[in-house]
Structures are given as C-alpha cells and as structure tokens.
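K.L.:
Numbering of the sequence shown is given in the numbering used here, commencing with residue 43 and proceeding in unit increments.
A virtual CB, placed ideally from N, CA and C, is assigned to each residue, including glycine.
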Amino acid sequence: MLYHLLYPLHTTLSALNVFRYITFRTIYASLTAFLVCFLIGPWVIRRLKYLQIGQYIQEDGPETHQSKAGTPTMGGILILFAIVTSSLLWADLTNGYVWIALLIVCGYGLVGFADDYLMLIKKRNKGLTARTKFACQVLLAGVAGTLLYISPDFDTRVTIPFFKDMSPDLGWGYILFAILVIVGASNAVNLTDGLDGLAIGPTVIAASTYMVFAYVAGHTKLADYLQINYVAGCGELTIFCGAIAGAGLGFLWFNTYPAQIFMGDVGSLSLGGALGTVAVITKQEILLVIVGGLFVIEALSVIFQVSFFKMTNGGRIFKMAPLHHHFELKGWPEPKIIVRFWIIAIALALFSMSTLKLR
Ligand code: 57M
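1. Hey, is the stretch 63-81 in contact with the stretch 125-132, meaning 3+ C-beta pairs nearer than 8 Å?
2. Would you say residue 335 and residue 386 are within 9 Å of each other, going by their C-beta atoms?
3. Could you give the DSSP three-state label for residue 50: helix, strand or coil?
4. For residue 414 and residue 66, I'd like the C-alpha separation in whole angstroms.
5. With a threshold of 7 Å on Cβ separation, who are the neighbours of residue 262 within its own chain once the five nearest residues in sequence on each side are excluded?
6. By the DSSP assignment, the alpha helix (DSSP H) with residue 368 in it spans what residues?
7. Out of 152, 256, 111 and 355, state which residue places its alpha-carbon closest to the alpha-carbon of residue 330.
8. Given a threshold of 16 other Cβ atoms within 10 Å of its Cβ, counted over all protein chains shown, does residue 396 qualify as buried or as exposed?
9. Can you give me the C-alpha to C-alpha distance between residue 245 and residue 200, rounded to a whole angstrom?
10. Quick one: using the 10 Å Cβ neighbour count with 16 as the cut-off for buried, is residue 232 buried or exposed?
11. Roughly how many angstroms separate the alpha carbons of residue 44 and residue 280, rounded to a whole number?
12. Spatial neighbours of residue 357 within its chain, please: CB distance less than 6 Å, with the 5 preceding and 5 following residues excluded, ordered by chain position.
13. Please name the residue in 49, 53 and 297 whose C-alpha comes closest to that of residue 63.
14. Within this structure, are the beta carbons of residue 228 and residue 150 separated by less than 9 Å?
15. CA-CA distance, residue 53 and residue 309?
16. Could you tell me which of 388, 185, 159 and 226 sits nearest to residue 169, measuring between CA atoms?
17. So is residue 322 buried or exposed if we call it buried at 16+ other beta carbons inside 10 Å?
18. To the nearest angstrom, how far is the alpha carbon of residue 302 from that of residue 70?
19. Of the choices 306, 224 and 239, whose alpha-carbon is the least far from that of residue 338?
20. For a quick check, are the C-beta atoms of residue 317 and residue 248 less than 9 Å apart?
21. According to DSSP, what are the bridge partners of residue 211?
22. Roughly how many whole angstroms lie between the Cα atoms of residue 237 and residue 175?
23. Compare the Cα-Cα distances from residue 29 to each of 265, 304, 300 and 283 and report the closest residue.
24. According to DSSP, is residue 356 helix, strand or coil?
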C-alpha cells in the first residue's frame, strides 16, 4: 500500500524514490512485522488468558510438559496478523505471487484456527480429524498450484540443487508437485512445533534464506550471473519472506523458553504452507529439503518410528517421535535441545546457500 501511495510522489519528492527498492521495503516489512508482534504480543497473551484459550497437554508425552498446561495458545493469529499487515503495507499489490502467498497463509491459518478452536471446545488434544485437515490443505495447495500453472510465464520445470542442467518439466503434473511441497512443508513445521521456540526459530532461518533466493530469482542480472531460474516478479516475495522473519522474531520474544504463548496449528500450518509456497514460486522447490532440513528430519523421525512400530508390532527406533521428544526422554534440558536444533537449522541454511555457487 505504501508503495502505491508514496512511490508515485517521487517526482515531487525525490527521497520517496527509495520505495522502489525491494531491499528497502524488505527491511521495513521485517521491522514492521517484528514491531507488530512485539508490541501487540503482551495484549494478545492477556486476552488469550482472559478467554481461557490455554493448551491442553496430552498425558502420554514427556512429563516436563505437564507444567505447560494452560499456556495461552493460538498465538499464530498474532503472527499471521503481522505478516499480512506488513505485506499489505510494503509489497507491490499488483503482484500475483504476493496474493498467492497470502492466500496460502490465510487459508492454512483458517484450517489451523478451526483445528485449535475445536480442540479448545472439546478440551482434548485433537481438533479437526486428520483427514479433514489434510483435504483442506490439499485443496488450498491445489488452488495455488493451479493459479501458478495457468500464469502465462510460469515455468513448470523443477530445479534440482547442484545440477544446473537437470530440470525435468512436469507440465500439469507440476500442480501435484506443488501440492506435495506445500502440504509437506506445512505438516513438517506442525510436527516440529513441540518445544518452546523450536518451530519458530528454524522458520525465521528458512524465511531469511528464501529472502535471498527470492531476491536473486527475481533479479534478471543476478539470476543470470548465478545461473538460476529467473522468475519475473518473484522479487516481491523477498518482502513477504522478510515479513515472516520479522513476525517470527517478534513472536519468539514471547515463545522462547519458558514460553508465555504457543502458536497453535493456526501458526504452524500456515507458516509451513508459506515456506512451501515461496519454495515453489521461486523455483527452489527441492532446495526446501535442505533449507528446512530440520523440519524434514523431524518428519522423517515420525515416518520411521511409525513404520517401524507397525512392522515390528510395537518396536521403536526412538524413545519417542518426533525427534525432540527422544532427546527430552534422554534427559537433555529443553533449552539445550532447542538451541542445538537451531544450530543445525542455521548450518543447513548456510549449506543451501552454497547451491548458488556449486552447480
Ligand atoms: C502437534 N503438538 C504438540 C501447540 C503448538 C503422528 C504423530 C507423531 C503426530 C504428533 C502430533 O500430533 N504432532 C502435531 C504437536 C503440542 O503443541 C501444540 O500444538 C501446536 C502445534 N500444532 O503450537 O499449541 C505440545 O507441544 C508442546 N509445545 C511446547 N512449546 C511450544 O512452543 O512445549 C508446543 C509449542 C504442547 C506443548 O507441550 O502441548 C504436541 O507435542 O502434542 N504426535 C506426537 O507428537 C506424539 N507422538 C507420538 O505419539 N509418538 C509415537 C509414534 C508411534 C508416533 C511414539 O514415538 O511412540 C507425542 N505428543 C505428545 N505426547 N504431546 C506423544 C505424546
């Protein structure tokens, strides 16, 4: 909005020319989203407490979690509000990619909201059925995938990290591939969100990494120089990623150990969906496995644990899945697990950046 209101005035006031730059608008989108979360956070926490929107804790989990009962949840509403307002303020609203990203954030936010809300009403740790949740996720991702597919300039080839000459064209199958990436990312972030700050930290790291990729992919010269797919217009997603990173940091202020608020499904499903969508639009889809490697490790730990459990009639690879529970049961203090997982996420993000040079 500010871009549309202020940039045209640069002919009278040349200082306003700065609104043209994606870098400038990304910095302020991040700061805006951060400040929204940071300033409104205490009010939201008080409000959620007043409305008795507190977390129900499953009894079969690690014992240390029982003391977390009643922690205000659904803090994702605050994150989404920050991302959406900041993106609306700083992005170019004639850009279709920004709207597709916002559609997924809000759509997945609504699915998560319904899940959290039902969980609260039923007073147990289950909201929507897994099938309903999955169907909504697939439907929304399908809409996003189709919108991209019918965009005149959108490339349906998939980028394989480290192999610049290998990029299979999926044609209409790209829609299914986009669904896989977006839904997979959403659920992986959701599974990771089980310790204070464990999901939001790596989300900030992944969004910051995609900030770089969105900028480069949307810049003709840089994309050409680094030999990555140029996606006209996707530079505006740099601003969206900046908003996610800023909102995430603002939320982390309150979600850091010992958490004063949890994000709930409204936060985890939508943030994961947002990362998946950005990965698809920037044509760095498979790279998300590295950028969001921590989420992948957590999801794989569940897949292996459940498969092994079924195959061996109750056998287990880990003490408990997802992986963070395994370390909790091994006796690692919660902050140690969280920070070590963040360290892994940072290392993976750095490694993913090397694909810009190694190919
Ligand atoms: C939701 N939700 C957290 C909070 C957060 C298939 C199976 C592996 C699924 C998995 C599952 O349901 N995962 C998704 C995980 C919950 O957090 C809430 O949920 C939101 C995210 N969706 O925002 O609102 C609890 O996590 C803790 N928490 C924090 N700090 C935070 O900042 O401490 C969350 C955010 C909160 C709080 O305690 O209540 C969760 O863990 O429930 N299921 C599991 O993870 C279960 N694992 C399991 O059953 N493993 C089995 C195998 C065979 C699958 C095994 O290994 O034997 C465990 N989860 C729990 N108890 N709570 C098992 C026992």
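P.N.:
Quick answer:
1. Inter-segment contact for the stretch 63-81 and the stretch 125-132 is present: three or more beta-carbon pairs are separated by less than 8 Å.
2. Contact: yes.
3. Residue 50: helix per DSSP, three-state reduction.
4. Residue 414 is absent from the model: the chain starts at 43 and stops at 401.
5. So the list reads 272, once near-sequence residues are dropped.
6. Annotation: the continuous alpha helix (DSSP H) that includes residue 368 extends over 365-371.
7. Comparing Cα positions, the closest option is 256.
8. Under this definition residue 396 is an exposed residue.
9. If you draw a straight line from the Cα of residue 245 to the Cα of residue 200, it comes to about 23 Å.
10. Around the beta carbon of residue 232, 16 or more other beta carbons sit within 10 angstroms, so the residue counts as buried.
11. Spanning the two alpha carbons is a distance of roughly 16 Å.
12. Closer than 6 Å at Cβ, skipping near neighbours: 350.
13. Comparing C-alpha distances from residue 63 to each of 49, 53 and 297 shows the shortest one belongs to 49.
14. Yes.
15. If I take the Cα positions, the gap works out to 41 Å.
16. Looking at the Cα atoms, 159 is the closest of the given residues.
17. That one is buried.
18. For residue 302 and residue 70, the distance between alpha carbons rounds to 27 Å.
19. Looking at the Cα atoms, 224 is the closest of the given residues.
20. Yes.
21. For residue 211, the beta-bridge partners assigned by DSSP are 199.
22. In a straight line, the C-alpha of residue 237 is about 22 Å away from that of residue 175.
23. Summary: the structure shown does not reach residue 29, with the chain confined to residues 43 through 401, and so no result is reported for it.
24. The answer is coil: DSSP assigns residue 356 none of H, G, I, E or B.
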